[in-house]
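Colleague: Chains A and B supply the protein sequences, listed in that same order.
Quick note on this note's numbering: the first sequence kicks off at 912 and runs consecutively.
Quick note on this note's numbering: the second sequence kicks off at -15 and runs consecutively.
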Amino acid sequence: MDVSRRDFIKASAAAAALAAATGGKFVGSAEAAMDTSGLKWGKAPCRFCGTGCGVLVGVRDGKIVATKGDPQSPVNKGLNCIKGYFLSKILYGKDRLTKPLIRKGDKMVEASWEEAMTLIAGKFKEAIATYGPDSVAIYGSGQWTVFEGYAASKLFKGGIGTNNIEPNARLCMASAVTGFMTTFASDEPMGCYDDLDQGDTYFLWGANMAECHPVLFSRLIDNRLKNPNVKIIDFGTRHTRTSQMADQYIKFVPQTDLALMNGIAHIIVRDKLYDENFIKKHVVFKKGKTSIGYGLEDKFTFTDDPKPQTFDEYKEFLKLYTPEYVSKLSGVPVQTIEAVAKLYADKDRKVNSLWTMGFNQHVRGTWANNLVYNLHLLTGKICKPGENPMSLTGQPSACGTTREVGTFTHRLPADMVVTNPEHREKAAKIWGVDPKKIPAKPTYNATEMFRALDRGDIKVVWVQVTNPFQSLPNLNRYRKGARKGDGRFVIVSDIYPTRSTELADVILPSASWVEKEGVFGNAERRTQQWFKQVDPPGEARNDLWQTIELARLLGHGNLFPYEYVEKEMWEEYRLFNAGQGKDLAPYEDYTKSRGLRWPVVNGKETLYRYAEGYDPYVKAGEGIKFYKNKKDDGKAVIWARPYEPAAESPDKKYPFWLCTGRVLEHWHTGTMTGRVPELRRAYGAAVCELHPEDAKRLGIKQGSKVKLSSRRGSIVLTADLRGRGKAEKGNVFVAFFDENKLINELCIDAYCPISGEPDYKKCAVKLERA
Amino acid sequence: MKRYLPALTAAALSVLLLAPVLATAADDEAFEKDAAYAEGNPPMVPHRMEPGATGDACLACHLEGKNGAPISPHAVRIDCVQCHGQGEIKETKNATGKKKKKQKEIK
Ligand code: SF4
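1) Should A:Glu891 and A:Asn1271 be called a contact, given that it needs their Cβ atoms to be closer than 8 Å?
2) Show which residues of chain B have a CB atom less than 7 Å away from the CB atom of A:Glu1576.
3) Compare the beta carbon distance of A:Ala1415 and A:Val1403 with 8 Å and say whether it is the shorter of the two.
4) Check whether the segment 1649 to 1667 of chain A touches the segment 1078 to 1095 of chain A, taking contact to mean three or more Cβ pairs, one atom from each stretch, closer than 8 Å.
5) My output table needs one value for A:Gly935: the three-state DSSP class, helix, strand or coil.
6) When you compare each of A:Tyr1232, A:Val1195, A:Arg958, A:Val1020 to A:Ser1053 by their alpha carbons, which one comes out closest?
7) Strictly below 9 Å CB to CB, what residues from chain A border B:Ala95?
8) Going along the chain, which residues of the segment 1115 to 1134 of chain A sit with their C-beta nearer than 9 Å to a C-beta in chain B?
9) Among the residues of its own chain, which have a CB less than 6 Å from the CB of A:Tyr1565, if the five just before and after it don't count?
10) Regarding A:Asn1075 and the ligand SF4, is the C-beta to nearest heavy atom distance less than 7 Å?
11) Nearest CA to the CA of A:Phe1114: which residue from A:Thr1093, A:Ser1308, A:Glu1026, A:Ile1143?
12) Taking 7 Å as the limit between beta carbons, can you name the residues of its chain near A:Ala931, skipping five residues before and five after?
13) Considering only the alpha carbon of each residue, which of A:Tyr1225, A:Ile1132, A:Lys1018, A:Ala1063 lies closest to A:Ile1459?
14) For the ligand SF4, is there any heavy atom lying closer than 7 Å to the beta carbon of A:Val1512?
15) Indicate whether at least one CB of chain A lies closer than 8 Å to the CB of B:Arg61.
16) Which residues count as close to the ligand SF4 when the rule is a CB under 5 Å from any of its heavy atoms, in chain order?
17) Tell me the DSSP secondary structure of B:Cys134 in three-state form.
18) Of all the residues that make up the segment 29 to 48 of chain B, which are near chain E by a beta-carbon distance shorter than 7 Å?
19) Quick check on this structure: which residue in A:Arg1081, A:Pro1011, A:Trp1055, A:Asp1045 has the alpha carbon closest to the alpha carbon of A:Cys1663?
20) Between the segment 956 to 972 of chain A and the segment 992 to 1002 of chain A, do three or more beta carbon pairs fall short of 8 Å?
21) Ignore the nearest five residues each way along the sequence and tell me which others in A:Tyr1205's own chain have a CB closer than 6 Å to its CB.
22) Please classify A:Gln1220: is it buried, with 16 or more other beta-carbons within 10 angstroms of its beta-carbon, or exposed?
23) Given A:Glu1656, which residues of its chain have a CB within under 6 Å of its CB, disregarding the five upstream and five downstream residues?
24) Using a beta-carbon distance cut-off of less than 9 Å, what residues from the segment 1143 to 1155 of chain A approach chain B?
25) So, for A:Asp1257: in the same chain, excluding its five sequence neighbours on each side, which residues have a beta-carbon less than 8 Å away from its beta-carbon?
26) Using beta carbons (cut-off 8 Å, strictly below), is A:Ala1681 in contact with chain B?
27) What are the complete alpha helix (DSSP H) segments, minimum 4 residues, inside the segment 1381 to 1444 of chain A?
28) Cα-Cα, which of A:Asp1605, A:Glu1450, A:Gly1534 is closest to A:Ala1027?
29) What residues in its chain sit with their C-beta under 8 Å from that of A:Leu1486, if we drop five residues either side in the sequence?
30) Note down the Cα distance separating B:Thr38 from B:Ile62, rounded to an integer number of angstroms.
31) Counting only the same chain and skipping the five closest in sequence on each side, list residues whose C-beta sits under 6 Å from that of A:Arg1552.
32) In whole angstroms, give me the CA-to-CA distance for A:Leu1231 and A:Glu1224.
33) At least one CB of chain B closer than 8 Å to the CB of A:Glu1589: is that the case?
34) Would DSSP call A:Trp1278 helix, strand or coil?
35) Can the beta-carbon of B:Ala22 be found closer than 8 Å to that of A:Leu1127?
36) Buried or exposed: which applies to A:Ala1434, given that a residue is buried once 16 or more other Cβ atoms fall within 10 Å of its Cβ?
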């Protein structure tokens, strides 16, 4: 490219002048042609990813006609990604569900709400009476509003008396949760997005931020534009748009991230690059069980057995991970590992690690999270502005709803767990129920929940705001299981027909996003509220209403005695968090602000947890205090976690690694973005990315049809040898948004034994010309 | 990409990159003001895009308006494809301005 620096200054200055002259309105904008006068504007967080961009929603005649990136939102400061720009169209697909539908044989027949809810309540009652409360279940979502998640948890745990509640966040964030809990004894990050602007060294671990957290990636790139010292280093198993824009791309063999992080720690310890003072004050060492299995068998269980270690014992553990050994496993050159370790430890560098599904969807996901914290704890680069480990989330309220409200089988709000009698007591008190009502034993993680449905141990399952029969791994088994009959009853609430509604016995039409009032919590602990701005179409109704209606019909209506439901529920929910380092503000504060990062104490949000001067729970003189980890005297844990292989690795018969993930234009299973013509045109169908040399060997050309098979299933896709993502040799990548190409049929349903999160990034497949 | 770096003035950045945050707005009127101030949504790209297109490739034309390309009003945002997706391909020209007989859509 021949653009000189001078040209660039010239152009920038001209553009700046132009922008100033037009009062901030930009030429070339599609909006310029659109009449936005007379619109009523309101605020909301974006419906899609965990970044949590603020948007302004423009309404005319009861319809959303425009959205804009909210210039007042500290998250995105006016910017969106391409999905956000099309938010105004996601609710208006032609096939929007507007009436309850009940299965009559092979047909879905329109019904009234009363009819549908009476049928559902009858099925719940019957199953509970015959088989007990653990035969009914609710499967929810990181796209549930806080209210929807809270109501579901309260009804199932506190009313019906079963822990059969799981969110799809089990499939995306569970390893992040167990990582936080085991290292710091409290979920969610210490840092915030400000770190993206203030640091200078960013290690991305298996995170394609340019496509999956685009606005955050832009903040990183802006930082680099202003500060030439900034380095972005992308560790990956696939060359992505992110790799392309990073300063360095380091490819590694799938699963060897565990070895790499131990290798980096090995060098830090070997060369005494660690922060001894920090370690003495703030760190304890532990080890857990090894060879922990893969969760492939039904009813798999695992309990770790943490044992304290000394620093010397930890050093002994690291001895194995010499740069040479790690290089052999991972394929990363020895010099690169040495250089990376030195960057991590460089006293003059503000180091951040960022990750998402590469670590979380991993059969050792909890370990991967522990190991990255190790690097920050060894070097003391944590809880400081501009230097932190940052776990990115995938869904708009994976944090706010599933993690904070605790809509997992084992959890209760504010980091509490059902296995702890005091926690049950506290929850029961706030909920006004008998503590004995909340069962002490967790039941099923998401995968196990659908295994139980397949076996027939669960009879009735209600799916809300998610699409499990496209998004579960080893789909064939769970899709078949759902329709085995014999008393099984599947209810799906959604806004469009999906691969899950097609398996339902009852489909309920839901309200979405600004068709209802809601609260989401994003990846930086920011809680964001919005009001209802338009009516849902036809007879579609809020999932919150649906859950409360079921409660009423089951005789648990007393659990929801509210008039202004959202506000009163919020004030009740807040009681869980108060004084726990997770404090939330009164409801009004969120209606007035563009979100606040918890803990919010005396109206003040917290940018950096555990850090004096920022976190009100840290006393003067303490500096840094991991105060939530009481059993280790307020210290964080460095874990000895070894490298262990994936559940299934390529072999002679299935010689390729399969990795699945997202593309920029589509979100999750594409049920909303797939209904926006512009997004569909920009990216229409899932393809099979593979390396040109592998293709050549197999006689596969760009655009030819390939049959991709694993031990669990097989699909035909178009080969893409030069797409935006480039597969490494021996690897293929397929996006999972495409409802016509159910790639998850091929994925293995192995999961991390600690977190229960499946590994969608690694299984073995073969390729043939189709 | 880095060749641009030192060239940017803080002023250009604050105008172009990120709108300055005004006083907190709460009521409808304020939302309306914010909306008027906010940028419109970005146009899709009406010509063929290379799969790996990012700032370097796009700004080769859109920085100065070469080959009749509209000048980018915010050339400091270099992850162009984050906002500008592949649109309907209307022209018979590709991004480098050369005429092409037939043009295939990119998947
Ligand atoms: S999808 Fe994510 S990055 Fe894109 S606008 Fe929405 S919140 Fe922002």
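We treat Cβ as the ideally placed atom computed from N, Cα and C, and that holds for glycine.
Modeller: Reading from the atomic positions:
1) Past the boundaries of the shown model lies residue 891 of chain A; chain A is included only from 912 to 1681, so the question cannot be answered.
2) Counting from 1 along the first sequence, the entry for residue 1576 of chain A is found at position 665. Gly69, listed in chain order.
3) Sequence index remark: in the first sequence, residue 1415 of chain A carries index 504 (1-based). Sequence index remark: in the first sequence, residue 1403 of chain A carries index 492 (1-based). For the pair A:Ala1415 and A:Val1403, the CB atoms are nearer than the 8 Å cut-off.
4) Short answer: they touch.
5) Against the first sequence, residue 935 of chain A aligns to sequence position 24. Only weak support exists for where A:Gly935 lies, its pLDDT of 37 falling under 50; the value from the coordinates is given anyway. Residue state, collapsed to three classes: coil.
6) Locating residue 1053 of chain A in the first sequence gives position 142, where the first residue counts as 1. Ser is not the amino acid found at residue 1053 of chain A; the sequence shown has Gly there. Looking at the Cα atoms, A:Arg958 is the closest of the given residues.
7) Coverage of chain B is limited to positions -15 through 91, which leaves residue 95 of chain B absent and any answer about it impossible.
8) Correct list: Ala1121, Glu1122, Pro1125, Val1126, Phe1128, Ser1129, Arg1130, Ile1132, Asp1133.
9) In the first sequence, residue 1565 of chain A corresponds to position 654, counting from 1. Cβ neighbours of A:Tyr1565 beyond the five flanking positions: Ala1675, Val1676, Lys1677.
10) On the first sequence, residue 1075 of chain A is found 164 positions in, with the first residue counted as 1. No, Cβ of A:Asn1075 sits at least 7 Å from all heavy atoms of the ligand SF4.
11) Locating residue 1114 of chain A in the first sequence gives position 203, where the first residue counts as 1. For the residues A:Thr1093, A:Ser1308, A:Glu1026, A:Ile1143, the minimum Cα distance to A:Phe1114 belongs to A:Ile1143.
12) Translated into the one-based positions of the first sequence, residue 931 of chain A becomes position 20. Note that A:Ala931 scores 39 on pLDDT, short of 50, meaning its location in the model is unreliable; the coordinates nonetheless yield the value given after this. Cβ neighbours of A:Ala931 beyond the five flanking positions: none.
13) Against the first sequence, residue 1459 of chain A aligns to sequence position 548. Checked all of A:Tyr1225, A:Ile1132, A:Lys1018, A:Ala1063; the closest Cα to A:Ile1459 is A:Ala1063.
14) Taking the first residue of the first sequence as position 1, residue 1512 of chain A is located at position 601. No, the ligand SF4 has no heavy atom inside 7 Å of this Cβ.
15) Residue mapping note: residue 61 of chain B aligns to position 77 of the second sequence, counting from 1. Look at B:Arg61: its C-beta is under 8 Å from a C-beta on chain A.
16) A:Cys957, A:Phe959, A:Cys960, A:Thr962, A:Cys964, A:Asn991, A:Cys992, A:Lys994, A:Gly995, A:Pro1125, A:Val1126
17) There is no way to answer for residue 134 of chain B, as the model of chain B reaches only from -15 to 91.
18) Looking at the structure shown, chain E is missing, and the protein chains on hand are A and B.
19) Position 752 of the first sequence, counted from the first residue, corresponds to residue 1663 of chain A. With distances taken between Cα atoms, A:Cys1663 lies closest to A:Arg1081.
20) Segments in contact, yes.
21) Within the first sequence, residue 1205 of chain A is the residue found at index 294, counting from 1. If we look at A:Tyr1205 and ignore the five residues flanking it on each side, its Cβ neighbours are Val1274, Ala1558, Ala1661.
22) Within the first sequence, the letter at position 309 stands for residue 1220 of chain A. Under this definition A:Gln1220 is a buried residue.
23) Taking the first residue of the first sequence as 1, we reach residue 1656 of chain A at position 745. Answer for A:Glu1656: Leu1386, Asn1387, Gly1624, listed in chain order.
24) Arg1152, Gln1155
25) As a first step, residue 1257 of chain A must be located in the first sequence, where it is residue number 346. The beta carbon of A:Asp1257 lies closer than 8 Å to those of Thr1112 in the same chain, with the five residues before and after it left out.
26) Reading the first sequence from its first residue, position 770 is the one you call residue 1681 of chain A. Cβ-Cβ to chain B under 8 Å: no for A:Ala1681.
27) Within the segment 1381 to 1444 of chain A, the complete alpha helix (DSSP H) runs of at least 4 residues fall at 1386 to 1393.
28) Mapped onto the first sequence, residue 1027 of chain A falls at position 116. Nearest of A:Asp1605, A:Glu1450, A:Gly1534 to A:Ala1027, Cα basis: A:Glu1450.
29) Against the first sequence, residue 1486 of chain A aligns to sequence position 575. For A:Leu1486, where only same-chain residues beyond five positions count, the Cβ hits under 8 Å are Ile1341.
30) In the second sequence, residue 38 of chain B corresponds to position 54, counting from 1. In the second sequence, residue 62 of chain B corresponds to position 78, counting from 1. The straight-line gap from Cα to Cα measures roughly 7 Å.
31) One-based indexing of the first sequence puts residue 1552 of chain A at position 641. So the qualifying residues of the chain are Trp1278, Asn1281, Leu1282.
32) Counted from its first residue, the first sequence places residue 1231 of chain A at position 320. Counted from its first residue, the first sequence places residue 1224 of chain A at position 313. The alpha-carbon atoms of A:Leu1231 and A:Glu1224 are separated by roughly 12 Å.
33) Numbered from its first residue, the first sequence carries residue 1589 of chain A at position 678. Residue contact check for A:Glu1589 against chain B: a CB pair falls below 8 Å.
34) On the first sequence, position 367 is the one that residue 1278 of chain A refers to. Residue state, collapsed to three classes: helix.
35) In the second sequence, residue 22 of chain B corresponds to position 38, counting from 1. In the first sequence, residue 1127 of chain A corresponds to position 216, counting from 1. No, these two residues do not count as a Cβ contact at 8 Å.
36) Working through the first sequence from its first residue, we reach residue 1434 of chain A at position 523. It counts as buried.
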